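Okay, so here's the structure we're looking at.
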Amino acid sequence: MKRNKNKWIAGVLTVAVLCMASTSMAAPEPEVEYTLMAGAAERDITPTEENGMLPIAAVGRTTAEGVIDELHTRVIAVNDGEKTALIVSNETGKGPYGPLFAQELSDHTGVPLDAIFYTATHAHATPEITDEITMDYLNFDENSEETDNLQKWGRLVYDQLMDAADEALKSMEPVKVGIGYSTSGINVNRNALYTKPDGTYYWAQGYNFDGFSDKKLSVIRFTSLETGNPIAFIFNYAVHGVIMYANQVLDGETGISSDIGGYVCNALEKQNEGAVAMFLMGAAGDQNPIFGNEYFTPSIETGEKETGNQGSEKILEWLGKILYFDTVEAIKNIDTETGNANINYEYGETVIPASDGGDYPVALQVLRIGKIALVGFPGEMFNEIGVNAIEESPLEDTIWVNLVWTREGQQTGYHSTDLITAEGGQGRNKNYLPGYLQDAVTNLTKQLVGESLELAGTASQRSNS
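103 is the number of the first residue of the sequence shown in the numbering used here; add one for each residue after it.
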């Protein structure tokens with residue numbers, strides 16, 4: 103009897119344990135619900151005769167004497183109830199000087215530096231500030247003869263950026279977010295082969311229609327839950343803003359222009375009253391528009407590269423309209439939107455072998471909004487490298503953004519493929535050894551996007567199908 107009693111007790115305990123385990127498995131912790139908030143604002147940052155900032159030094163050792171179309175700084179603020187992030191896009195070449203402006207924006211708003219996605223559209227008919235500066239550069243004496251127009255413009259951008267960020271944060275409201283895709287054929291790989299008089303080949307700027315050139319265009323839309331109207335658009339595409347570079351539109355003089363990125367943003371805003379449209383340049387280090395003010399051809403006599411100029415305003419209107427309607431197509435393809443989206447951000451660095459025998463630093467910044475990840479690089483990454491990296495991201499909806507420049511010591515120049523690094527060409531970077539950059543960037547992308555997902559569960563991750 104005693105032996106049977108022990109068996110009975112053991113059986114009861116086993117059943118109890120199984121019941122407890124079953125209950126535990128059947129009642130997982132409820133999924134956290136997030137309420138995504140967003141706000142957006144833009145401000146004019148155009149140097150004009152009226153504000154006393156013309157003529158002004160512009161990208162590529164040019165000087166702008168007048169204005170063709172306006173420049174803007176645009177800010178989108180997002181919040182999930184716990185974390186806040188800012189996305190900034192300035193219509194300029196680079197910056198203005200990212201390490202100062204991004205840190206000042208963080209100090210002004212209280213948003214962590216890691217959560218500030220600060221970039222430029224890389225328009226080439228604009229001023230830019232890329233040299234290291236401090237606030238002393240912007241806190242100048244307006245009556246001093248030593249104060250130049252670039253300083254005045256830098257102060258204008260600073261003040262307008264802070265004002266736009268304040269409005270974006272203040273105007274945040276519940277939204278839903280979605281992403282859509284299309285393709286556009288207005289870009290081309292710009293490293294082409296030319297012939298030297300001795301018959302040998304070399305790489306230089308031109309049109310390589312067989313070269314790597316990703317045509318994907320992405321649009322992120324934030325839609326108000328209250329009104330059903332769009333609050334903001336982000337469109338992402340790999341193309342240089344060089345249609346208007348060194349233009350001679352103003353009676354032979356160069357005029358200020360936001361180029362093709364600004365053209366599409368202005369059109370989107372005109373067709374969506376009250377919305378802010380922002381351009382984030384993709385991995386366009388070696389991607390030009392198929393036409394621009396400058397064009398490149400082989401010489402009939404020698405086969406070597408020749409550079410010419412042509413009317414740029416009509417080309418901007420032509421290609422701008424094509425890119426605009428390709429963007430509209432991506433918007434039509436947004437089939438899922440959600441307001442249950444949390445926010446996370448990560449920053450990371452790695453190194454690859456430098457040409458001088460030391461280490462060459464590589465940095466990435468990730469901002470994730472729900473199932474959408476933005477991967478930011480401080481320099482001009484070549485297309486193939488950026489595209490290959492995001493294809494390995496844990497999230498299917500991952501976009502690459504060049505010129506996300508927020509810290510001192512970041513490498514803001516071109517970052518070329520192994521072929522161009524070894525053989526030369528437009529955008530060649532000789533500071534690192536070939537054979538390492540792609541793997542380093544891909545692994546860092548996977549790591550940072552993965553880390554941004556750690557608190558979000560597995561539902562957001564890339565499908566294996």
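Backbone N, C-alpha and C define an ideal beta-carbon position, used for all residues, glycine too.
The structure displayed is predicted, hence computed values, not measured ones.
Among the options, the one whose alpha carbon lies nearest that of residue i
| i | options | result |
| --- | --- | --- |
| G405 | A294, A179, S360 | A294 |
| E482 | E234, N390, P276 | N390 |
| N531 | L319, G552, A227, S518 | S518 |
| F479 | G450, G162, M139, P400 | G450 |
| P332 | G459, I436, T164 | I436 |
| E553 | G529, L497, Q540 | L497 |
| L505 | P149, V134, E375, Y199 | Y199 |
| G168 | T148, T175, V180, K185 | T148 |
| S568 | L466, S320, N533 | Any question about residue 568 goes unanswered here, given that the chain covers just 103 to 567. |
| T150 | E133, G162, V477, A166 | A166 |
| A140 | S246, S273, D209, E247 | S273 |
| W305 | S246, E244, E152, I522 | I522 |
| S284 | G529, A456, P455, V430 | V430 |
| G301 | T236, E403, N395, A524 | E403 |
| L240 | Q253, T232, E152 | Q253 |
| E525 | R292, Y303, E396 | Y303 |
| Y339 | M237, K317, S359, G354 | K317 |
| F484 | D458, L466, T452, G529 | G529 |
| D541 | S495, Q512, G527 | S495 |
| G410 | S246, A465, L418, E396 | E396 |
| F337 | D428, S359, I417, K423 | D428 |
| E234 | Y538, Q512, L539 | Q512 |
| Y296 | G527, G537, L539 | G527 |
| M237 | G459, N245, F203 | F203 |
| L466 | L418, V453, D209, H210 | V453 |
CB-CB length for residue i against residue j, believed under 8 Å
| i | j | result |
| --- | --- | --- |
| H224 | G195 | 6 Å |
| V468 | L382 | V468 to L382, Cβ: 14 Å. No contact. |
| P201 | E510 | 5 Å |
| A187 | A217 | 4 Å |
| A385 | V489 | 6 Å |
| F242 | T232 | Not quite, the Cβ-Cβ distance comes to about 18 Å (not below 8 Å), so this is no contact. |
| L173 | S360 | 5 Å |
Close beta carbons around residue i, own chain, < 8 Å, minus the five adjacent residues each side
| i | result |
| --- | --- |
| M127 | Legend: pLDDT at M127 = 45, less than 50; position of this residue unreliable, value from coordinates given subsequently. So the list is empty, once near-sequence residues are dropped. |
| V290 | Y309, N310, F311, G313, S315, Q389, N390, P391, I392 |
| L421 | I288, I345, I362, P391, I392, F393 |
| M205 | The amino acid occupying residue 205 in the given sequence is Gln; Met does not appear at that position. Hits under 8 Å: L215, T508. |
| I433 | G282, V321, R323, F335 |
| G207 | Looking at the sequence itself, residue 207 is Leu, so the reference to Gly does not match. If we look at L207 and ignore the five residues flanking it on each side, its Cβ neighbours are L188, V190, V213, I218, Y220, L263, M264, A267. |
| E493 | none |
| T175 | E144, R145, I147, V190, S191, N192, E193, V259, Q262, L263, A266 |
| A456 | Y462, N533, Y534, L535 |
| K185 | A217, N444, I445, N446, Y447 |
Residues of its chain near residue i, where Cβ-Cβ distance is below 6 Å and the 5 sequence neighbours each way are ignored
| i | result |
| --- | --- |
| R105 | For R105, the predicted structure reports a pLDDT of 42, less than 50, and the residue's modelled location is therefore unreliable. The matter cannot be settled from this model. |
| I189 | I178, F219 |
| A491 | V543, T544, T547 |
| G364 | E193 |
| D499 | I281, K473, I474 |
| N251 | M155, I158 |
| T514 | P480, G481, W507 |
| E486 | F314, T519 |
| Y426 | V366, A369 |
| E408 | T399, S401 |
| E556 | none |
| A142 | I178, A270, I333, A334, V378 |
| W502 | G384, A385, V477, G488, I492 |
| V341 | N289, A386, Q389, P391 |
| A129 | Confidence in A129 is poor, its pLDDT being 48 and thus under 50, which makes the residue's placement unreliable; the coordinate value appears in the next sentence. No residues qualify anywhere along the chain. |
| V119 | Note that V119 scores a pLDDT of 40, beneath 50, so its modelled location is shaky and nothing firm can be said. |
| E244 | none |
CB contact below 8 Å: residue i versus chain B
| i | result |
| --- | --- |
| L425 | Of the protein chains in the structure, only one exists, and it is not chain B. |
7 Å Cβ shell around residue i - same chain, five flanking residues per side excluded
| i | result |
| --- | --- |
| V351 | I170, G357, S414, E415 |
| C367 | A379, M380, F381 |
| Y136 | D182, G183, N442, A443, N444 |
| G376 | N331 |
| I471 | V180, V279, A443, I445 |
| T164 | A348, T356 |
| T438 | G280 |
Quick check on the DSSP output: what are the complete alpha helix (DSSP H) runs of length 4 or more inside the stretch 228-263, in order along the chain?
237-240
Go through the stretch 490-516 residue by residue and report every complete run of the alpha helix (DSSP H) that reaches 4 residues or more, in order.
none
May I ask you to verify whether the stretch 226-236 touches the stretch 332-348, counting CB pairs closer than 8 Å and requiring at least 3?
yes
Could you say if the stretch 324-336 and the stretch 268-278 meet the contact criterion of at least three C-beta pairs nearer than 8 Å?
yes
Secondary structure, beta strand (DSSP E): runs of 3+ residues fully inside the stretch 355-430
356-358, 378-383, 389-391, 396-400, 407-411
Segments of 3+ residues assigned as beta strand (DSSP E) that fall wholly inside the stretch 433-472
445-455, 461-471
Quick one: which unbroken beta strand (DSSP E) runs of 3-plus residues sit fully inside the stretch 275-351? Chain order, please.
275-285, 289-297, 303-310, 318-326, 332-339
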